[in-house]
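Going by this note's numbering, the residue at position 275 of the sequence shown is 494; the numbering climbs one at a time, nothing skipped.
Don't be surprised by glycine CBs; every beta carbon is placed ideally from N, CA and C.
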Amino acid sequence: MLLALLVVLVPWLGTQGDGEGESLIVLRAGHSASLDEPYHLGLLEFARIVEERSDGRVRVEVYPAGQLGSERMMIEGLLLGTLDLVVAANGSATSFVPGLGVLDLPFLFRDREHMYAALDGEVGNRLVSTAREGGFRILGFMDAGVRHIMTRSRPIEAYTDLQGLKLRTMPVAAHLAAFDAFGAQALALNYGEVYGGLQTGLIDGAEAANTNFTRRNFFEVAPHWAQVGWIILVANMMMSEEAYTRLPEDVQEILADAGRQATALERRLYRESDEALLLRIRELGVNVTYPDVRPFREAAEGLYPELLPDPEARALLSMIRGEAEP
């Protein structure tokens with residue numbers, strides 16, 4: 220397997236050393252979000268911290284907006300050695316590490332505080348170990364937003380309004396099953412095709428967070444926005460385990476610490492963005508509705524047994540739900 224690390228063979232002219240110089244380590248990082256979304260801002264902070272802490276020995280080049288391919292392609296790139304670091308939705312990572320699938324369940328977390336507590340505690344530790352066994356090093360569990368439902372022609376006022384609508388989700392088994400259970404016709408469509416699909420009527424709606432609903436201008440073609448909060452999406456900042464462990468130990472420590480700091484910033488930015496942009500959405504004239512979420516939750520929870528056949532995943536679910544008790 221190729222080493223997932225790009226080493227540029229130019230001398231690093233630091234202020235210490237014997238004058239022979241050192242090689243500059245350049246890490247290529249990719250994600251699918253736009254330049255003003257929290258993913259990107261979090262990765263820029265990661266790059267800043269890494270370069271500063273390494274005294275310039277390590278540089279992180281950030282490629283946003285899917286420049287390096289889809290999330291799945293970028294994760295494959297980690298294993299092939301063509302890319303060094305990715306921030307991708309957990310559902311994309313589940314294809315490579317099925318043990319992460321518990322995080323794809325709808326209505327898993329009560330709120331963000333509960334999600335962060337679980338991911339920063341024993342649940343997160345177990346998932347990090349699971350990812351390592353699958354060949355990946357998770358440097359942070361980022362926030363990809365509380366997700367709602369947009370529609371192009373009619374508003375969602377109640378659970379029954381989804382009946383028969385063609386709704387786009389990520390190509391994740393739990394997401395597709397959830398929207399089918401809601402009575403919709405769930406369709407897996409490439410993220411870059413969502414706007415055009417809504418514009419042409421290929422799909423009747425899609426799910427998103429306040430952030431990408433606004434910044435991707437989905438409101439132009441889907442002016443109805445139902446605040447359902449069907450999932451708080453987790454995004455993983457990850458490298459290949461092989462590439463990570465072949466780095467010098469001090470660089471590993473720098474990356475791990477930068478991952479924690481960048482994750483904390485990204486979460487704060489996503490939360491602030493979600494809250495502030497709802498006001499902006501109203502100003503844009505979008506029809507914002509608030510259907511009763513109880514039928515959605517009941518339908519989703521009914522899927523848990525079939526979506527989690529693995530005993531370890533069921534144990535994690537029990538841990539998470541135990542923490543969710545009021």
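**Q.** Where Ile451 sits in the DSSP three-state scheme
**A.** For the purposes of this step, residue 451 is taken as the residue at position 232 of the sequence shown. Residue state for Ile451 is assigned as strand, using DSSP reduced to three classes.
Q | Beta-carbon proximity of Tyr489 to Met361, cut-off 9 Å | A | Indexing the sequence shown from 1 puts residue 489 at position 270. Indexing the sequence shown from 1 puts residue 361 at position 142. For Tyr489 and Met361, yes; Cβs fall inside 9 Å.
Q | Nearest residue (CA-CA) to Gly354, options Ile368, Leu319, Pro374 | A | Position 135 of the sequence shown, counting from 1, holds the residue named residue 354. Nearest of Ile368, Leu319, Pro374 to Gly354, Cα basis: Leu319.
(Q) Is it the case that the region 405-417 contacts the region 340-350, given that we only count it when at least three CB pairs across the two stretches are under 8 Å? (A) Contact between the region 340-350 and the region 405-417 is absent: fewer than 3 CB-CB pairs across the two stretches fall below 8 Å.
Q | Within the region 379-458, ranges of the alpha helix (DSSP H) (whole runs, at least 4 residues) | A | Here the runs fully enclosed are 392-400, 413-419, 429-434.
**Q.** Any 3 or more C-beta pairs closer than 8 Å across the region 249-261 and the region 275-284
**A.** The answer is yes - the region 275-284 touches the region 249-261, with three or more Cβ pairs under 8 Å.
Q) With burial defined as no fewer than 16 other Cβ atoms inside 10 Å of the residue's Cβ, what is the status of Arg387: buried or exposed? A) Position 168 of the sequence shown, counted from the start, is the residue given in the question as residue 387. Arg387 comes out buried.
(Q) Does Pro230 come out as helix, strand or coil in the three-state DSSP assignment? (A) As a first step, residue 230 is located in the sequence shown; it is residue number 11 there, counting from the start. In this prediction, Pro230 has a pLDDT of 31, which is less than 50 and means its spatial position is unreliable; nothing more can be read from the coordinates.
Q: Would you kindly check if the distance between the Cβ of Ala396 and the Cβ of Leu384 is under 9 Å?
A: Stepping through the sequence shown from its first residue, residue 384 is reached at position 165. Stepping through the sequence shown from its first residue, residue 396 is reached at position 177. Here Leu384 is not near Ala396, since their CB atoms are 9 Å or more apart.
Q.
Once DSSP output is grouped into helix, strand and coil, what is the label at Ser242?
A. Position 23 of the sequence shown, counted from the first residue, corresponds to residue 242. Under the three-state reduction of DSSP, Ser242 is assigned to strand.
Q.
Judging by CA-CA distance, which residue of Leu302, Pro317, Tyr378, Phe315 is the nearest neighbour of Val512?
A. To locate residue 512, count along the sequence shown from 1; it is residue 293. Ranking Leu302, Pro317, Tyr378, Phe315 by Cα distance to Val512 puts Tyr378 first.
Q. Once you ignore the five residues that flank Val391 on each side, which residues in its own chain have a CB closer than 6 Å to its CB?
A. Taking the sequence shown and counting its residues from 1, one reaches residue 391 at position 172. The answer, listed in chain order, is Gly310, Asp323.
Q | Simplified DSSP state of Gln367, which is helix, strand or coil | A | The residue you call residue 367 lines up with position 148 of the sequence shown. The residue asked about is misnamed: residue 367 is His in this sequence, not Gln. Assignment of His367 by DSSP, reduced to helix, strand and coil, places it in the strand class.
(Q) So, with DSSP's three-state summary, where would you put Arg373? (A) To locate residue 373, count along the sequence shown from 1; it is residue 154. Coil.
Q) Cα separation between Glu426 and Ile368? A) Stepping through the sequence shown from its first residue, residue 426 is reached at position 207. Stepping through the sequence shown from its first residue, residue 368 is reached at position 149. Going by the C-alpha atoms only, they are around 4 Å apart.
Q) Taking Cβ positions only, does Pro374 come closer than 9 Å to chain D? A) The structure shown has no chain D; it contains just one protein chain.
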